[in-house]
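Presented below is the structure to which this report refers.
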Amino acid sequence: MVIWNDQNEKTGKDILEANEKKECRTGIILPMVVTAGTITRRAVEPTWMTASNAYIDRIGSELKAMVEAPPGYHFVGADVDSQELWIAAVLGDAYFSGEHGATALGWMTLQGKKSDGSDMHSRTASTAGISRDHAKVINYGRIYGAGLRFIQRLLRQFNPKLSEEETQQRATQLFATTKGQKGWYLNKMGQNLALELNYPISGEALDRKEINKLLRQARYNNIEASFYDVVAGPAVWVGGSESHMFNCLEAIARSEEPRTPVLGARVTRALEAKYVDDQYMTSRVNWVVQSSAVDYLHIMLVSMRWLFQEYKIRGRFCISIHDERLIWHVNGGGAMGVTGDGSSQRSLGTAPWGPADQGVAGSLA
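So for the sequence shown, UniProt numbering puts the first residue at 1; every next one is plus one.
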């Protein structure tokens, strides 16, 4: 929806001058935004908040380029580099020791460089024998809960020459290196059994091979115990560069009332563990990361609003597209508004920050 102002409407001096010189009208596009349109609380809008078409010969490719800020104003875009990856790494670090960069994933996120092949995508590409761009797809898919079969399917898609055996081998190696292997903590019975048999334990999770070794030693000493008699709780991930991150995400997803770690936003009750048990784990893990990214957006909006007010910056939030925030501002006084040249160019925005008497199409300094 577009709102055009009346030429006699009281607006800022700079926009009035633009109207006179260019014979254009002042207006603003109001996107039909659903502020929490997904389960992760991301905003949804069918035109402006979707990605532009990557193919320049297709309709939609030039859509956002048609939008211009009025004279004296500029659109300023801020893109968060690898936002979900960074958030996942921070959660893993917090789960492990509370120090950013304490895990292998956290360190690669902080210090990894594309130039020397030490960043996460380059390391994955080297392990799986694929290109860095393909590794990026696999990395994000894995963070969002994709399983071994999905990774195998992607590897075959990226390199059709791979045999079934080679694909399985590369995917298994990649999972063992990154996500790790499943492990279990011993419960009280398991710990007592290990002490009785002088079986060395360090308090860390044991993989199935080690637990089976403990059970064989118990049977040798005429002690009957099954696997589930000695383990506590669900499996955890051990031995991988991202194991602590996945343990953190799954622990949040399995909690009684899953909430985002920062702002405490709660998942829909329909996906709480008491209703779905261990089902839909991929969607629940995905929710932790994506909804935390929305927390970051909300924190950023509040921080920018304070910054604008504190330093008297003439600006306002315009629109957020996934992990990109667009803000337009002007140095000095003047009205906040949008100007279109004829009917072909308009500015995109929401109602301004400020007193309630500021209109949608513009406001006086």
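Where is the CB? At the ideal position from N, CA and C, for every residue including glycine.
| Query | Result |
| --- | --- |
| Tell me the residue span of the beta strand (DSSP E) that contains Y296. | Premise fails: Y296 lies in the alpha helix (DSSP H), M281 to E310, not in any beta strand (DSSP E). |
| Skipping 5 residues on each side, what residues in its chain have a beta carbon closer than 7 Å to that of G112? | S118, D119 and M120 |
| On a CA-only basis, which of N212, L162, C248 and N221 is nearest K179? Give me that one, please. | C248 |
| Does DSSP classify D207 as helix, strand or coil? | strand |
| With a threshold of 6 Å on Cβ separation, who are the neighbours of I130 within its own chain once the five nearest residues in sequence on each side are excluded? | F158 |
| Reducing DSSP to helix, strand and coil, say where S320 ends up. | strand |
| Which of the three DSSP states, helix, strand or coil, is assigned to H100? | coil |
| Could you tell me whether the segment 35-43 touches the segment 61-78, where touching means 3 or more Cβ pairs closer than 8 Å? | no |
| Taking the DSSP output, what are the residues bridged to residue 401? | One cannot answer for residue 401 here, as it falls past the ends of the chain, which runs 1 to 365. |
| At the level of alpha carbons, what is the spacing between S163 and L155? | 10 Å |
| Quick one: grab the DSSP three-state call for R259. | strand |
| For residue 387, which three-state DSSP category applies? | This structure leaves residue 387 out entirely; the chain is present only between 1 and 365. |
| Beta-carbon separation of P70 and I319 under 8 Å? | no |
| Run through the segment 139-194 for me and flag every whole beta strand (DSSP E) of 3 or more residues, listed as ranges in chain order. | 181-186 |
| Helix, strand or coil, according to DSSP, for W48 in the structure here? | coil |
| What separation, rounded to the nearest whole angstrom, lies between the Cα atoms of L148 and R170? | 10 Å |
| Nearest to A88 by CA position, among N286, L307, S303 and R266, is which residue? | N286 |
| Helix, strand or coil, according to DSSP, for V276 in the structure here? | helix |
| With a threshold of 8 Å on Cβ separation, who are the neighbours of A356 within its own chain once the five nearest residues in sequence on each side are excluded? | Summary for A356: the model assigns pLDDT 31, below 50, so the residue's position carries little reliability, and this model does not support an answer. |
| Can you tell which of D133, L215, W86 and A36 has its C-alpha closest to the C-alpha of L197? | L215 |
| Could you tell me whether the Cβ atoms of L110 and G101 are closer together than 8 Å? | yes |
| Is it the case that the Cβ atoms of A235 and M281 are separated by a distance below 8 Å? | no |
| Quick check on the burial criterion: 16 or more other C-beta atoms within 10 angstroms. Buried or exposed for V289? | buried |
| Got a sec, what are the start and stop residues for the beta strand (DSSP E) A235 sits in? | V231 to V238 |
| Given that a residue counts as buried once 16 or more other Cβ atoms are within 10 Å of its Cβ, and exposed if not, what is T124? | buried |
| Taking the alpha-carbon positions, what's the R142 to L85 distance? | 11 Å |
| Taking DSSP's pairing of strands, which residues face G117 in a bridge? | The partner list for G117 (beta bridge, DSSP) is empty, contrary to what the question assumes. |
| Can you grab the Cα-Cα spacing for the pair G183 / A251, in whole Å? | 14 Å |
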